[in-house]
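Data first, discussion second: the structure below is written as C-alpha cells.
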Amino acid sequence: MERSRAAPKPAKSPAKSYVISLENRKRRGFGHQRLDEILTAARALFLEHGAENVTTRQIAARVGISQTALYVYFKSKEEMLDRLVADALAKLGAAIEAVSAGNEDPYEFLRL
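Here you go:
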C-alpha cells in the first residue's frame, strides 16, 4: 500500500535581513566617507605607480579594508579609474562653464 506524502509545509516567514544595499547606504548617509577614502587612495596610488601597476589589494590596504569590502563599492580597478576620470571631467566642465559665463577670473577658476 502506497502512502501519499504530504507536501512539506512552507517555512515560517524568514528572519528579517539586515543586509544594507549600497543604494540604501547612500540614501541613508552610510558609505559616502568610505567611497571618498577609496577614491582618494586609488588616485594617490595611480599617480604614484601608474594605474597598470596598482592592484585592488593595494588600494584596499591603503584604505584599511579587505579586498572583498572594496568590491562592495567598485566591481574592478577599471571602474575606479573610470569614476576618477569622470569626476575630473565633471570638474573641468563646471570650470569651463563658469569661465564662459564670465563669473570668475579664467586663470584662477581653471586651477583644479
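Take the sequence shown: its position 90, counting from 1, is numbered 90 in this note's numbering, and each next residue is one higher.
Note that the Cβ used here is the ideal one computed from N, Cα and C, for glycine as well.
Given the structure is predicted, the values throughout are model-derived calculations rather than measurements.
8 Å contact criterion, which residue i and residue j should meet: CB distance rounded
i, j, result
"Y73", "I38", "6 Å"
Straight-line gap, residue i to residue j (C-alpha atoms, nearest Å)
i, j, result
"Y107", "E52", "33 Å"
"D87", "R34", "16 Å"
"G29", "D36", "Caution applies to G29, whose pLDDT of 47 falls short of 50 and renders its modelled position unreliable; the model cannot decide the point."
"T40", "G102", "31 Å"
"A98", "R62", "35 Å"
Own chain, CB closer than 7 Å to residue i, minus 5 neighbours either side, in chain order
i, result
"Q58", "L45"
Selected residue, minimal CA-CA separation from residue i, among the options
i, options, result
"E78", "G102, A60, T56 and E97", "T56"
"L47", "S100, L89 and V85", "V85"
"G64", "S100, G93, A42 and M80", "A42"
Spatial neighbours of residue i in its chain, beta-carbon cut-off 8 Å, leaving aside the 5 residues before and after
i, result
"A69", "A60"
"S66", "A60"
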